[in-house]
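Counting in my numbering, the sequence shown runs from 13 upward without gaps.
Here is the structure we will look at.
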Amino acid sequence: MSSLIACRECDLLQREIVLPPGGTACCSRCGAVLHRSKPDSLDRTLAFTVGAAVLFILANVFPVVGLEAQGNRTSTTLFGTVRTLHDQGMTSVAVLVFVTTILMPMLDIGAMLYMLLPIRLGVVPKGLPAVFRLVQTVRPWGMVEVFMLGTLVSLAKLSHIAAVRPGIALWSFGMLMFLVAAAAVSFEAHDFWAQVAAAGRRGRRFHAKTAGMETAR
Numbered sequence: 013m014s015s016l017i018a019c020r021e022c023d024l025l026q027r028e029i030v031l032p033p034g035g036t037a038c039c040s041r042c043g044a045v046l047h048r049s050k051p052d053s054l055d056r057t058l059a060f061t062v063g064a065a066v067l068f069i070l071a072n073v074f075p076v077v078g079l080e081a082q083g084n085r086t087s088t089t090l091f092g093t094v095r096t097l098h099d100q101g102m103t104s105v106a107v108l109v110f111v112t113t114i115l116m117p118m119l120d121i122g123a124m125l126y127m128l129l130p131i132r133l134g135v136v137p138k139g140l141p142a143v144f145r146l147v148q149t150v151r152p153w154g155m156v157e158v159f160m161l162g163t164l165v166s167l168a169k170l171s172h173i174a175a176v177r178p179g180i181a182l183w184s185f186g187m188l189m190f191l192v193a194a195a196a197v198s199f200e201a202h203d204f205w206a207q208v209a210a211a212g213r214r215g216r217r218f219h220a221k222t223a224g225m226e227t228a229r
């Protein structure tokens, strides 16, 4: 028996159909997209997310930019920037930078890895619905691209008075921006929950088989 799926636009319940690879299911009433069939959606999303996690670590460990003027050299990391803003009395700006460029992207990437890795291994992680909702909540607050734009504008202005040397973190942030976007585009919630259901069924069969063996003993 086929399952039911609700349209997110008009709430019409419809029977789910099996889509060919690359196919799209639309609502029969309003025409809104119900879900898409993206081949290897979970694997591609996991690959992008792992790459984003590596780049996120690099972006927060290495200096973002180095400056040289009149023989003096200085460089700073993203955490160093937040600390400097706080020390100069701009605490609200420091909190905003920390939340939008460090905390929220970290929660987004960490939660995605927590969801995707166990499912890829055939295990349903605990608290999955809550973690899924967390991703939907924090993702709009991650503003790596805004940080990149502001940094590039600042570097363009500083280049007239000092020698500017982009650090590893700046390049990492640039690539991180694209990988996070690619992970969001490649992720298909419908396929993900189908994988979750399949992993749950395998787990129940395994436990039932194990219980049967123990009873036989």
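Every residue, glycine too, gets a C-beta built ideally from N, C-alpha and C.
Run of the beta strand (DSSP E) containing residue i, from where it starts to where it stops
i     : result
GLU80 : 77–81
Residues of its chain near residue i, where Cβ-Cβ distance is below 7 Å and the 5 sequence neighbours each way are ignored
i      : result
PRO38  : According to the sequence provided, residue 38 is Cys. The question's Pro does not apply to it. Cβ within range, chain order: ALA44, VAL45 and LEU46.
GLY134 : ALA211 and ARG214
ALA174 : LEU79, GLU80 and ALA81
Range of the contiguous alpha helix (DSSP H) that encloses residue i
i      : result
PRO130 : 116–132
ASP55  : 53–73
VAL111 : Taken as a continuous stretch (DSSP letters only), VAL111 belongs to no alpha helix (DSSP H), as it is neither H nor E.
Sequence-distant residues of its chain with Cβ nearer than 6 Å to residue i (five each side left out)
i      : result
PHE110 : VAL94
Helix, strand or coil at residue i according to DSSP, with G and I counted as helix
i      : result
SER166 : helix
SER87  : strand
VAL136 : coil
LEU6   : Since the first residue shown for the chain is 13 and the last is 229, residue 6 is missing from the structure and cannot be characterised.
GLY92  : helix
GLN148 : helix
GLY212 : helix
Beta-ladder partner(s) of residue i, from DSSP
i     : result
LEU25 : ALA18
CYS38 : VAL45
Beta-carbon proximity list for residue i, same chain, < 8 Å, skipping 5 on both sides
i     : result
CYS22 : CYS39, ARG41, CYS42 and ALA44
PHE68 : PRO117, MET118, ILE121, SER184 and LEU188
Please give me, in chain order, every unbroken run of the beta strand (DSSP E) with length at least 3 that falls completely inside the stretch 153–207. 175–178
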